[in-house]
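Only one structure is covered here, and it is reproduced in the block below.
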Amino acid sequence: MAMRDTTNVGFEVVDLVPFVSASLPLPTDPVLQFATKEISPVSISRVSDNVFLVCYDEFGFYIDRSGAMTRHELVTRWTLPACGFALHLPYILVFCGIHVEVWDIEPGKLVQKIQSRYRLLNRPNAGDEILSESSGRIMKMVFNRRLV
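When we follow UniProt numbering, the leftmost residue of the sequence shown carries the number 1, and every step to the right adds one.
The structure is reproduced here in structure tokens:
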């Protein structure tokens, strides 16, 4: 399966055999009318077998395999427009130009802001290394959990 951004509204998922495509999220879903404004789709990540996190430059939300919104109460709005995303369950890194936001995707809560200009260099799958660049230096972002 391949994904490509086809419009200013969402994504098109293409199954190469037998060449079938579907628009995500569902453009006819009245619940998703907020996602048809002047926004840019950036990333879509698989969270579980049937759930995807769809990330636009201004917000993110969950959809199922058919493109219908799930968890209607949870639409996460980034603090600044985003240009890149990296999923590292249960977190998503939101690259916003002047900082990186770390969100816990389960409750949709901002847990940390990393102040610096970082640029995402790769499109990691969940659990892969996250490579970024800041001031000409390439670095790997590492997650450490601390008890406070």
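By construction, the Cβ of each residue, glycine as well, lies at the ideal position given by its N, Cα and C atoms. Predicted model only: the values in this text are computed from it and were never measured.
For residue i and residue j, what's the separation of their Cα atoms in angstroms?
{"i": "M139", "j": "S116", "result": "13 Å"}
{"i": "I39", "j": "V17", "result": "31 Å"}
{"i": "P25", "j": "G67", "result": "4 Å"}
{"i": "F95", "j": "T76", "result": "14 Å"}
{"i": "G84", "j": "N122", "result": "9 Å"}
{"i": "L93", "j": "W103", "result": "7 Å"}
{"i": "R46", "j": "R65", "result": "10 Å"}
{"i": "I44", "j": "F59", "result": "12 Å"}
{"i": "V111", "j": "M141", "result": "16 Å"}
{"i": "Y62", "j": "M69", "result": "6 Å"}
By Cβ distance, which residues of its chain are closer than 8 Å to residue i, with the 5 residues on each side in sequence left out?
{"i": "S21", "result": "E12, V13, V14, D15"}
The beta strand (DSSP E) spanning residue i covers which residue range?
{"i": "S21", "result": "20–24"}
{"i": "P92", "result": "The sequence as given places Ile at residue 92; Pro does not occur at that position. Looking at the DSSP string, the run of the beta strand (DSSP E) that includes I92 is 91–95."}
{"i": "Y62", "result": "59–64"}
{"i": "Y12", "result": "According to the sequence provided, residue 12 is Glu. The question's Tyr does not apply to it. E12 -> beta strand (DSSP E) spans 11–15."}
{"i": "residue 211", "result": "Residue numbering for the chain in the displayed model covers 1 to 148; residue 211 lies beyond these limits and cannot be assessed."}
{"i": "D104", "result": "99–104"}
{"i": "L87", "result": "84–88"}
{"i": "L131", "result": "130–134"}
{"i": "S43", "result": "41–46"}
{"i": "L121", "result": "First-last for L121: undefined, no H or E at that position."}
{"i": "L110", "result": "109–115"}
With a threshold of 16 other CB atoms inside 10 Å of the CB of residue i, please say whether the residue is buried or exposed.
{"i": "S48", "result": "exposed"}
{"i": "G97", "result": "exposed"}
{"i": "H72", "result": "exposed"}
{"i": "F52", "result": "buried"}
{"i": "V54", "result": "buried"}
{"i": "P90", "result": "exposed"}
{"i": "P30", "result": "exposed"}
Give the C-beta separation of residue i and residue j to the nearest angstrom, bearing in mind that I take them to be a contact with Cβ-Cβ under 8 Å.
{"i": "A82", "j": "I130", "result": "Wrong, their Cβ atoms sit about 15 Å apart, outside the cutoff."}
{"i": "W78", "j": "E106", "result": "Wrong, their Cβ atoms sit about 17 Å apart, outside the cutoff."}
{"i": "S132", "j": "R119", "result": "6 Å"}
{"i": "G108", "j": "L74", "result": "5 Å"}
What residues in its chain sit with their C-beta under 6 Å from that of residue i, if we drop five residues either side in the sequence?
{"i": "F19", "result": "none"}
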